[in-house]
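Participant: If you scroll down you'll find the structure; I have some questions about it.
Numbering (our numbering), first residue to last: 5 to 132.
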């Protein structure tokens with residue numbers, strides 16, 4: 005940072021040698037899931053929403069005068085647990101496996117019919 009003499013606008017400040025902290029590759033190509041630091045697909049969104057919820061939790065507990073010695077370790081532990089959970093789920097299920105796993109619970113165990121009429125009507129439709 006260099007500070008030059010007074011001009012008409014006060015001090016002119018020029019920042020030199022600024023670099024971006026990190027550059028991440030986000031998308032590898034068309035029709036591939038988003039991958040950011042090992043998180044695939046919508047786990048990135050889950051992590052972002054979770055971090056936002058933790059931020060709001062921190063702010064609300066801070067405003068309720070919870071001691072910082074108790075608040076910081078709790079928020080750090082919850083953040084680490086959230087990151088671990090997102091990475092675990094991302095590695096175990098992949099980009100869309102968690103949705104398939106949760107949808108599997110909504111399938112019926114068996115379909116019972118009291119007559120053959122349903123199947124007979126299917127064969128009549130195909131013949132026409």
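Just so it is clear, CB atoms sit at the ideal spot from N, CA and C, and this is done for glycine as well.
Remember, predicted model here, so these are calculated numbers, not experimental data.
#1: With the cut-off set at 9 Å, would you say residue 42 and residue 94 are in Cβ contact?
#2: If you run the structure through DSSP and keep just helix, strand and coil, what is residue 39?
#3: Does the structure place the segment 78-94 close enough to the segment 54-68 that three or more beta carbon pairs sit under 8 Å?
#4: So, for residue 75: in the same chain, excluding its five sequence neighbours on each side, which residues have a beta-carbon less than 8 Å away from its beta-carbon?
#5: Given this structure, state the Cα-to-Cα distance separating residue 125 from residue 117, to the nearest angstrom.
#6: By the three-class DSSP mapping on this structure, what secondary structure does residue 104 have?
#7: What does DSSP give as the partner residue(s) for residue 44 in the beta ladder?
#8: Would you mind giving the Cβ-Cβ distance between residue 47 and residue 90, rounded to the nearest angstrom? I have them listed as a contact below 8 Å.
Facilitator: By the coordinates alone:
#1: The residue labelled residue 42 in the question sits at position 38 within the chain shown. The residue labelled residue 94 in the question sits at position 90 within the chain shown. Against a cut-off of 9 Å, the Cβ pair of residue 94 and residue 42 comes out as a contact.
#2: The residue you call residue 39 lines up with position 35 of the chain shown. In this structure, residue 39 counts as strand in the three-state DSSP scheme.
#3: yes
#4: On the chain shown, position 71 is the one that residue 75 refers to. 62, 65, 66.
#5: Here the question's residue 125 lines up with position 121 in the chain shown. Here the question's residue 117 lines up with position 113 in the chain shown. One C-alpha to the other measures close to 14 Å.
#6: For this step, residue 104 is matched to residue 100 along the chain shown. Of the three classes helix, strand and coil, the one that applies to residue 104 here is helix, per DSSP.
#7: To locate residue 44, count along the chain shown from 1; it is residue 40. Residue 44 pairs with 39.
#8: Position 43 of the chain shown, counting from 1, holds the residue named residue 47. Position 86 of the chain shown, counting from 1, holds the residue named residue 90. At roughly 5 Å, the Cβ-Cβ gap stays under 8 Å, so residue 47 and residue 90 are in contact.
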